[in-house]
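Quick notes on the structure that follows.
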Amino acid sequence: MSPINLSKWARLKSPWVLHFNSGACNACDIEVVALLTPRYDVERFGILLKGTPRHADILIATGPVTRQAALRLKRIYELMPEPKFVMAVGACASSGAPFKKCYNVLGGIDKVIPVDVYVPGCPPKPEAIIYGVTKLFEKIKGGS
Amino acid sequence: MNPNIFFRILVFPGFLFLFVLILFCDWFERKIMARMQNRMGPSYTGPFGILQPLADYIKLLTKEDIIPHHARQFLFSLTPIISFSIFMLSIFCFPLDGINVFSNYGFEGDLLFVLALVTFAHFFLFLSGWSSSNPYSGIGAVRILMQFIGYDIPLIISAIGPAFLAGSLSLAKIASMQTIPFALLTPWTFILFLVALQAELEEDPFDVPHAETEIVAGYGTEFSGRKLAFIRLAKDTQIVFGAVLTATLFLGGPYGPVFSAPPSLWFTIYFVLKVLFVIALLEFVEAICARLRIDHVVRGNWRMITPAALLSVILTVLSAPYIRLFMGAPI
Ligand code: SF4
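Chains as they are written, first to last, in my numbering: chain A, 1 to 144; chain B, 1001 to 1331.
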């Protein structure tokens, strides 16, 4: 295995995620936390939930990004070490859905930081989030 | 100098062997934890997920390495490596395959030497948190120091028990004396030692220094990339060190019946099995316990564990003649 393949293999096998709520209604967050429960248990794939952005590879962001959270979201993204990826989980995070055009939201994670994978659903099922992670893996494998 | 010694230090039973053992123990812990919680644990990275810790380390080594602007650069970059190497050096002093890595039986008093080294390593862990100039790391670092200062005392006191029974402060001698493991002869010391060790290793119910729900990741909050890899490696080495110390003091170390030549092969097998047994014990306790509050941790130490450790030493000293008679050793 060449060094590049080796590092790619390691990256695919141990994605550590950070969960950030930028004004979600909390349903998406419960679905994200459900990933860690015995039923779905994403530690099987080496996915661990981390508390600090310094340790994380993937930022799982939920919510429509309120004006207050926008700056924090950007800051947390900047705290993460490269290479970093962002998943927008939920209809809110993708486009602002039910909260679109509210005076206090920006409407979507991608208004603030670049997003790699969108997971639609209100809230998305844990299976859908896992599917989103596999889509992200394909993107990493593709050598972006 | 003996050319063999380089092989012993670098490959077997030195650096490479211990490194593989440490990675394996990391996987073993996670698997036990997961099974206790009715989960599967790492399963798809290599056979049974056994390569999971390796993948984690390689990934961390290839990631960006950030030094925060306010951190004390020199200490911040150095402390993870130093604490890892001190833990490694202290494992080197144990009789791993009958003799220690430097191919001798150690010296009289290397038990104290090892315990002192580990206190140093803990201090470097404290410094690593302190130097990162982050409020969470600072709180985590202060908590480590407080916990280690407190629990080092009962740990060392209960380590005296086996040394007293063996009549020696040398690790190899203590280990080889145990035709019957001291864990069976003096279970009171063994249990206290395990409790104090659990606190030293910052495992539940004593994991206040890196309590995720309160202070993010404790002293490791600001570390990323290579430095985080070394911090994690230091933590894993610390757990293996704890298991090796327990196995040597209370379970007879690497020694056991030899069925065929070479004895060092059998000794290594016994050693690994005993280390895994101790780790399984520690992880079992971790899985069934919830985190104590910080004041309970401190008060529990000074009010209960330390006096109990002193009492257990008194009990050991009083019963020593009978135990030695039982072991068939000269009184
Ligand atoms: S997508 Fe739906 S469930 Fe998720 S945070 Fe928005 S409103 Fe709530």
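Every residue, glycine too, gets a C-beta built ideally from N, C-alpha and C.
### Query
What did DSSP end up calling valine 112 of chain A once you bin it into helix, strand or coil?
DSSP places valine 112 of chain A in coil when its eight states are reduced to three.
### Message
Given 7 Å as the limit, tell me if glycine 132 of chain A has its C-beta closer than that to any heavy atom belonging to ligand 1.
### Response
Outside the cutoff, so no.
### Query
Helix, strand or coil: which one does DSSP assign to histidine 19 of chain A?
Reduced to three states, the DSSP call for histidine 19 of chain A is strand.
### Query
How many angstroms separate the CA atom of leucine 976 of chain B from the CA atom of phenylalanine 1193 of chain B?
With chain B covering 1001 to 1331 only, the question about residue 976 of chain B has no answer from this structure.
### Query
Is methionine 1146 of chain B helix, strand or coil when you go by DSSP?
It is helical.
### Short-range partners of chain A found in the segment 1221 to 1235 of chain B, where Cβ spacing is below 9 Å
In summary, the residues of the segment 1221 to 1235 of chain B whose CB is separated from some CB of chain A by less than 9 Å are Thr1221, Glu1222, Phe1223, Ser1224, Gly1225, Leu1228, in the order they occur in the chain.
#### Entry: Any beta strand (DSSP E) of 3 or more consecutive residues that is wholly inside the segment 1144 to 1228 of chain B
Counting whole runs of 3 or more residues, the segment 1144 to 1228 of chain B contains no beta strand (DSSP E) stretch at all.
#### Entry: Cα-Cα separation, valine 65 of chain A to isoleucine 1067 of chain B
Computed Cα separation, rounded: 29 Å.
### Message
Going by DSSP, what residue range makes up the beta strand (DSSP E) through phenylalanine 99 of chain A?
### Response
Run containing phenylalanine 99 of chain A: none; DSSP gives neither H nor E here.
### Query
Regarding threonine 62 of chain A and ligand 1, is the C-beta to nearest heavy atom distance less than 7 Å?
Yes, Cβ of threonine 62 of chain A sits closer than 7 Å to a heavy atom of ligand 1.
### Near ligand 1: glycine 108 of chain A beta-carbon under 7 Å from a heavy atom
Of the heavy atoms belonging to ligand 1, none sits nearer than 7 Å to the Cβ of glycine 108 of chain A.
### Message
I'd like the list of long-range same chain contacts for valine 1118 of chain B, defined as Cβ closer than 6 Å, with 5 residues on each side in sequence excluded.
### Response
The beta carbon of valine 1118 of chain B sits closer than 6 Å to those of Ser1090, all from its chain and outside the five residues before and after it, given in chain order.
### Task
For phenylalanine 1259 of chain B, name the three-state secondary structure that DSSP assigns.
In the structure shown, phenylalanine 1259 of chain B falls within a coil segment according to DSSP collapsed to helix, strand and coil.
#### Entry: Distance, methionine 1177 of chain B Cα to tryptophan 9 of chain A Cα
Going by the C-alpha atoms only, they are around 48 Å apart.
### Query
With respect to 7 Å, is the separation between the Cβ of glycine 90 of chain A and the closest non-hydrogen atom of ligand 1 below this value?
Yes, ligand 1 has a heavy atom inside 7 Å of this Cβ.
### Query
Any chance the CB of alanine 128 of chain A is under 7 Å from a heavy atom of ligand 1?
Answer for alanine 128 of chain A: no, Cβ out of range of ligand 1.
#### Entry: Segment limits, alpha helix (DSSP H) that includes threonine 52 of chain A
Run containing threonine 52 of chain A: none; DSSP gives neither H nor E here.
#### Entry: Any non-hydrogen atom of ligand 2 within 7 Å of alanine 34 of chain A CB
The model on display carries ligand 1 but not ligand 2.
### Task
Can you have a look at valine 1317 of chain B and say buried or exposed, based on whether 16 or more other CB atoms are within 10 angstroms of its CB?
The residue in question, valine 1317 of chain B, is exposed, as its Cβ has fewer than 16 Cβ neighbours within 10 Å.
### Query
When burial is assigned at 16 or more other CB atoms within 10 Å of the CB, is threonine 1045 of chain B buried or exposed?
With 16 or more other Cβ atoms within 10 Å, it is buried.
### Query
Of all the residues that make up the segment 1051 to 1063 of chain B, which are near chain A by a beta-carbon distance shorter than 7 Å?
Residues Gln1052, Ala1055, Asp1056, Ile1058, Lys1059, Thr1062, Lys1063.
### Query
At which residues does the alpha helix (DSSP H) containing alanine 88 of chain A begin and terminate?
Run containing alanine 88 of chain A: none in the alpha helix (DSSP H); it sits in the beta strand (DSSP E), 85 to 89.
### Task
Work out the CA separation of valine 32 of chain A and alanine 93 of chain A for me, nearest whole Å.
Roughly 13 Å between the two C-alpha positions.
### Query
Quick one: what's threonine 62 of chain A bridged to in DSSP?
Paired residues: A:Asn21, A:Val89.
### Query
When DSSP labels each residue in this structure, what does tyrosine 118 of chain A get in the three-state scheme?
Strand at tyrosine 118 of chain A.
### Query
If you measure from the CB of cysteine 25 of chain A, is any heavy atom of ligand 1 nearer than 7 Å?
Correct: cysteine 25 of chain A has its Cβ closer than 7 Å to ligand 1.
### Query
By how many angstroms is the C-alpha of proline 53 of chain A removed from the C-alpha of alanine 128 of chain A?
Roughly 23 Å between the two C-alpha positions.
### Query
Is there at least one Cβ from chain B nearer than 8 Å to serine 144 of chain A's Cβ?
Here the model assigns serine 144 of chain A a pLDDT of 46, short of 50, so the residue's position is not dependable and the matter cannot be decided.
### Query
By the criterion of Cβ-Cβ separation under 8 Å, what are the contact partners of serine 1158 of chain B in chain A?
The contacting residues do not exist; serine 1158 of chain B stays about 33 Å from chain A at best.
### Task
Give a yes or no on whether 8 Å exceeds the smallest Cβ distance from leucine 6 of chain A to chain B.
Leucine 6 of chain A counts as touching chain B.
### Query
Hey, out of A:Pro98, A:Glu78, A:Met87, A:Leu36, whose CA is closest to aspartate 110 of chain A's CA?
Of the candidates A:Pro98, A:Glu78, A:Met87, A:Leu36, the one whose C-alpha sits nearest the C-alpha of aspartate 110 of chain A is A:Met87.
### Task
Could you have a look at valine 165 of chain A and say whether DSSP puts it in helix, strand or coil?
For chain A, the structure presents residues 1 to 144; residue 165 of chain A sits outside this window and is missing.
### Message
Let me check understanding here. Comparing Cα to Cα, which of B:Leu1245, B:Thr1237, B:Gly1218 lies closest to leucine 1197 of chain B?
### Response
Looking at the Cα atoms, B:Leu1245 is the closest of the given residues.
### Message
Under 7 Å: does the beta carbon of cysteine 1289 of chain B sit that close to some heavy atom of ligand 1?
### Response
No; taking the cut-off as 7 Å, the Cβ of cysteine 1289 of chain B has no heavy atom of ligand 1 nearer than that.
### Alpha carbon of valine 105 of chain A to alpha carbon of arginine 72 of chain A, nearest angstrom
Computed Cα separation, rounded: 14 Å.
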